[in-house]
Amino acid sequence: FVNFLKNPQQYQDLGAKIPKGAVLSGPPGTGKTLLAKATAGEADVPFIAVNGSEFLEMFVGVGPARVRDMFAMARKNAPCILFIDEIDAVGRKRGGG
1 FVNFLKNPQQ YQDLGAKIPK GAVLSGPPGT GKTLLAKATA GEADVPFIAV
51 NGSEFLEMFV GVGPARVRDM FAMARKNAPC ILFIDEIDAV GRKRGGG
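Heads up: the sequence shown at position 87 corresponds to 87 in full-length UniProt numbering, and the numbers run straight through without jumps.
Following this line, the structure appears as structure tokens:
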């Protein structure tokens with residue numbers, strides 16, 4: 001990840017398709033956040049962290065507006081690492097587990 005973030009042209013010159021992101025998955029406490037922060041630090045790119053629960057709003061339209069704002073910020077700061085913690089909270093039904 002670090003080399004790609006520092007030298008994307010090197011991969012483009014080889015004909016590689018440039019990925020838009022990666023998913024870090026695993027149980028709590030296994031170092032996903034630490035890995036993302038360390039990668040951003042080593043690659044010298046901005047680290048933008050948000051929590052998936054911030055997208056769940058009781059007022060219609062507020063959650064989607066936050067998502068749009070978040071991606072606009074990431075585009076403005078590209079290349080960057082956009083870390084969405086607890087993204088699985090977005091897909092849960094209200095009152096469900």
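Think of the CB as a built atom: it goes at the ideal place given N, C-alpha and C, for glycine as much as any other residue. As the structure is a prediction and not an experimental result, all values here were calculated from the model.
Those runs of the alpha helix (DSSP H) which lie wholly inside the UniProt domain "ATPase AAA-type core" (23 to 94) and span at least 4 residues: 32 to 43, 62 to 76
Between the C-alpha atoms of A72 and I84, what's the straight-line distance to the nearest angstrom? A72 and I84 have their C-alpha atoms spaced approximately 14 Å apart.
Counting beta carbon pairs with one atom in the region 1 to 13 and one in the region 43 to 50, are three or more of them shorter than 8 Å? Segment contact: the region 43 to 50 against the region 1 to 13, three or more CB-CB distances shorter than 8 Å; contact assigned.
To the nearest angstrom, how far is it from the Cα of A49 to the Cα of I18? 22 Å
Cβ atoms of V90 and G29: under 8 Å apart, would you say? no
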